[in-house]
Amino acid sequence: MPPIAPGGGAQAGRGGQEPQGPVAVLRHALSRLQERLHSLWPRIRGMGTCSREFLEVLDELEELADRELVYRGFDKVPAAPVSRRGEQNVDLVVALYRVGDIIVEVGLKGLNRCGIVEALTGGEPPRVYARLHLGGGAVVVLEAEEAAQRSMLSYYI
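Residue numbers for the sequence shown follow the working numbering, so the first one is 494 and each next one is one higher.
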């Protein structure tokens, strides 16, 4: 797997091509997960985050992340879902992966405790993120782009 590089390649995933490099693969996977969350939003908005139904949704998201990432060379680290509290971020970890010496945490921003999904996310679908733990305490965070941002970006590229 090529080393992590900012941007991961502007042409990744266009025209039916496979995304290249770990960052491009992550961006592609995050977009797919965010699209899935948007399609599930009418169903999950009123769910409790500790309900069995919501846990089934998390399982579905984890399976989608596995299909996107393990297929493209990431190794699954069996330790999810868990809540993680940091200094500023409080997020729900859906799955953990390893690529080289980097640990990749894929999760949903702001879903850190029991409650109604819509109330915890401010009325919007949860945001999907990937937090890359690079060693030595260095962390890089990628977030899924909104569809509007993607179409605007493709207009300029």
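The beta-carbon is built from N, C-alpha and C at its ideal position, and this holds for glycine as well.
DSSP state of residue i mapped onto helix, strand, coil
i: E549; result: helix
i: A637; result: coil
i: D559; result: helix
i: E598; result: strand
i: L526; result: helix
i: L519; result: helix
i: L604; result: coil
i: G628; result: strand
i: G566; result: coil
i: R591; result: strand
i: G616; result: coil
i: G514; result: helix
Nonlocal neighbours in the same chain, by C-beta distance under 6 Å from residue i, ignoring five residues either side
i: V599; result: A558, V587, A588, A623
i: I596; result: H626
i: C543; result: C607
Buried or exposed by the 16-neighbour rule on C-beta atoms within 10 Å, applied to residue i
i: D594; result: exposed
i: E561; result: buried
i: R520; result: buried
i: R545; result: exposed
i: P535; result: exposed
i: P618; result: buried
i: P515; result: buried
Beta-carbon proximity list for residue i, same chain, < 8 Å, skipping 5 on both sides
i: V563; result: K569, Y590
i: G630; result: none
Contacting residues, own chain, Cβ-Cβ under 7 Å from residue i (five flanking each side not counted)
i: L533; result: V550
i: V583; result: G603, N605
i: L554; result: L526, R529, V587
Three or more C-beta pairs closer than 8 Å, one from the stretch 542-559 and one from the stretch 511-531: is that the case here?
yes
The stretch 631-639 / the stretch 545-552 touching (three or more Cβ pairs under 8 Å):
Counting Cβ pairs under 8 Å, fewer than three are found: no touch.
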